[in-house]
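So the structure is just underneath, and the comments pick up after that.
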Amino acid sequence: MFPLLKPSFPFYVQEPGPDVAALLSSEHADRSHILALIRLGDYSQDAFLATDTRGSIVYMNRSAERLFGYRKGAAIGLSVDALLPDVREINQRLRQPGSRNTLPWRGQGLDRQRQPLMLSGAATHIPAPTGHSHLYVMRPRRACLPDTDRQAELASLVYRSTSEGMLVLDPKGFILDVNPAFVKLRGRPESEVIGRHVRCLNSPCHDREFYRTMWRTVMETGSWQGEHWGQHANGELYPEWLSINTSYGTDGEVHRRVMIFSNIAEIKQAEAIIWKQANFDRLTDLPNRQMFHDRLEQSIRKSRRTGGRTGLLFLDLDRFKEINDTLGHAMGDELLKEAARRLSGCVRQSDTVARLGGDEFTVLLDDIREPRDVERLTRNILRRLAEPFRLGVETVFISTSIGITFYPDDAPDAESLLNNADQAMYAAKAEGRNRSCYFTLSMQEQAQTRMRLVNDLHLALDQSQFTLDFQPIVDLSSGRIVKAETLLRWHHPVRGLVSPNEFIPLAEETGIIRSIGDWVFCEATRQVAEWRRQYGLDIQVSVNISPAQLRHEGLDHAFWRSHLDTLGLSPRQVIVEITEGLLIDSGDERIQRQLDAFREAGMQVALDDFGTGYSSLSYLRKFNIDFLKIDQSFVANLSADGPDLALCEAVILLAHKLGLRVVAEGIESREQYELLAAAGCDYGQGYLFARPLAPVDFEPLLANGTDLRPGCPLRA
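Going by the UniProt record's numbering, the sequence shown opens with residue 1, and the numbers climb by one from there.
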């Protein structure tokens, strides 16, 4: 039999209902003891009644409902005084300093019909921040026998059947009894532990001070609970939740102590899985952005204490997107995993390699002593990542751009340090990729300027800060203006005229280029329609299309065609101008769909910067092109006996054989004009004819039909 003094209820067999949540909410409450009492209440023939700190009833078991004559839940919220008018005295005794948590109680109760009940039982108080909650266990006094067989049977059943290990100690700490669950949990038979001191169960994971503190708390308060490392008989260690409660005799002395052991290994394993998922990248098993930030903060705090230096590398895999798009995401993932393995093999054990996302990695270097150590590391990383990657049957090559920065040299905190490393990485890309670059203060200034410019760029369209200039494209045989190239200008309210080379890349990165591109098209064609209305002239307008617009299929061809219909313009009056680099850098199918859509809408296509890229001839065969524009780099040094003339003549001949027409850019001298005209070039543009002009300055040349050939008497 389970040897406990009456009343003692250190058992639990099921979860308590939500009506006792308030009772268990206090951080000071002895939850194990409360749970044991309330769980037993659902099985006990004794009446259980619990109150909150205001004295309102929050729990009644079935026996109490029958005893007091209330339907299920009907008494919840009533004041305990309505049922137990005599409990005030026992409550005051429980609150007195030095009083035990549980005291025997005898008194009078009132049922629902206000009929008196003579009751006997026990009262327990649970301290809370705003007062005391109470739990009362009682029965009619005539049925309150010293130790009934029914109570003993119930206690033994719960003790022997529970899945949690339990043992009973005498006041001196010697083990009197253990239940079957304890034998299974610890792998020790009863004969091995009964009669021995509880110290035989001490774990090697905890020192003497741990146990000294634990038992001091038990002696002072009667209970203790917390995480504990248990040890199986085979030596295996496992985490458990340990609760210790005390049973007192009627004389107030300790009679028994009960220890309850719950194996929480599965809970801990689940917590570990959740923690790993929150802090590590699933693909590469490297620390993720959150874990990286935590370690960066720790490293900076350490450097502050010791006066050391923290290094940070920010890496981006060059041209990874191209491989991912070409070979598929599965092969891209394999490349990232292999890159992570190589990076981890390059660093010290004390360093941290993390994946921030996509193809971006960071390396956190703790306690940097010599800058040359970082230089040596970056060279090794560049070399390792430049080695071939075997992805299935494919072998691919990549390179890496690395930004380098240091704390406290370059930044006072983690966020600034990461921003600096990011800026240095972009500088490495700008310098040609496959290299490292150290952060400088000028990069920070450029980044701040860039951020302000991006913010201003969002307002530019709404505030009408953009205008268009038009540069004439001249028929070299007649000198007449037959086309015009549209050039975007940004008149910043503070900085004045901002170079397109400065703001166009920002517009592409931020996605604003799509809105700007639509505005340029609409404004350019509106101006052409106005000139047609005023002067009856049908000239073609050339509109530059950003690579970002084509790559992301952000062009609405139907909208463009509808806009032309509204203006009464033929689609053939629009030339869409793209660069040769766009054809080389982008996938064929995507660009082909876009160019086909333009041609289906009736517009023509011009290929700019021809001859400056690679594989130009193959792209002429693949894509539907109407015009080739000879880059000004070939025109600049044009002379009668120079190699550039032969190149221009070859391009012109090739284009004409393919049914294309040719525009020469950057014509600035009469000699250049004459050589190109003699070679059969169709059109030309450049400062020899006119600079880019605002519409008001362009109109006179157009209206007068001026012959812009050099030496012509009609030339303005």
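Quick reminder that beta carbons are idealized off the backbone N, C-alpha and C, glycines included.
Best match in the options for proximity to residue i [C-alpha to C-alpha]
i: residue 78; options: 58, 95, 71 and 97; result: 58
i: residue 293; options: 354, 386, 236 and 607; result: 354
i: residue 523; options: 564, 343, 64 and 547; result: 564
i: residue 526; options: 270, 313, 286 and 695; result: 695
i: residue 412; options: 296, 450 and 373; result: 296
i: residue 205; options: 215, 227 and 194; result: 227
i: residue 290; options: 52, 414 and 594; result: 414
i: residue 441; options: 452, 419, 360 and 270; result: 419
i: residue 101; options: 125, 453, 359 and 91; result: 125
i: residue 331; options: 391, 474, 284 and 366; result: 391
i: residue 367; options: 357, 348, 361 and 380; result: 348
i: residue 710; options: 476, 602, 55 and 89; result: 476
Residue j beta carbon less than 8 Å from that of residue i
i: residue 609; j: residue 649; result: no
i: residue 109; j: residue 119; result: yes
i: residue 424; j: residue 407; result: no
i: residue 708; j: residue 690; result: yes
i: residue 268; j: residue 239; result: yes
i: residue 664; j: residue 625; result: no
i: residue 335; j: residue 280; result: no
i: residue 436; j: residue 428; result: yes
i: residue 318; j: residue 404; result: no
i: residue 559; j: residue 576; result: no
i: residue 401; j: residue 461; result: no
i: residue 342; j: residue 385; result: yes
i: residue 191; j: residue 230; result: no
i: residue 122; j: residue 103; result: yes
i: residue 489; j: residue 468; result: yes
i: residue 688; j: residue 668; result: yes
i: residue 84; j: residue 136; result: yes
i: residue 651; j: residue 620; result: no
i: residue 520; j: residue 574; result: no
i: residue 717; j: residue 263; result: Here the chain covers residues 1 to 716 and nothing more, so residue 717 does not appear.
i: residue 474; j: residue 684; result: yes
i: residue 173; j: residue 261; result: no
i: residue 314; j: residue 421; result: yes
i: residue 373; j: residue 364; result: no
Burial state of residue i, where buried means 16 or more other Cβ atoms lie within 10 Å
i: residue 510; result: exposed
i: residue 146; result: In this predicted model, residue 146 has a pLDDT of only 46, less than 50, meaning its place in the structure is not dependable; the value taken from the coordinates is given anyway. With fewer than 16 Cβ atoms within 10 Å of its Cβ, residue 146 is classed as exposed.
i: residue 76; result: exposed
i: residue 61; result: buried
i: residue 161; result: exposed
i: residue 508; result: buried
i: residue 138; result: buried
i: residue 200; result: exposed
i: residue 640; result: exposed
i: residue 287; result: buried
i: residue 485; result: buried
i: residue 175; result: buried
i: residue 305; result: exposed
i: residue 449; result: exposed
i: residue 381; result: buried
For residue i: DSSP bridge partner residues
i: residue 437; result: 403
i: residue 178; result: 167
i: residue 116; result: 110
i: residue 211; result: Paired residue(s): none; residue 211 is not in a bridge.
i: residue 135; result: 50 and 124
i: residue 360; result: 316 and 357
i: residue 718; result: Since the displayed the chain opens at 1 and closes at 716, residue 718 lies outside it and no answer follows.
i: residue 57; result: 51
i: residue 683; result: 475 and 663
i: residue 717; result: Beyond the ends of the chain as shown, which are 1 and 716, falls residue 717; an answer cannot be given.
i: residue 140; result: 119
i: residue 543; result: 576
Which residue spans inside the region 304-356 form an unbroken beta strand (DSSP E) run of at least 3?
-> 310-318
Taking only runs of the alpha helix (DSSP H) that begin and end inside the region 278-307, which ones reach a length of at least 4 residues, in chain order?
-> Contiguous alpha helix (DSSP H) elements confined to the region 278-307 occur at 289-306, taking only those with 4 or more residues.
Ordered list of alpha helix (DSSP H) runs contained in the region 570-649, each at least 4 residues = 580-585, 588-600, 616-622 and 632-635
Can you check the region 461-504 for any alpha helix (DSSP H) of at least 4 residues that lies completely inside it and give the ranges in chain order?
-> none
Complete runs of the beta strand (DSSP E) confined to the region 231-263 [at least 3 residues] = DSSP runs (the beta strand (DSSP E)) wholly in the region 231-263: 237-248 and 254-263.
Which residue spans inside the region 64-111 form an unbroken beta strand (DSSP E) run of at least 3?
-> Listed in chain order, they are 102-110.
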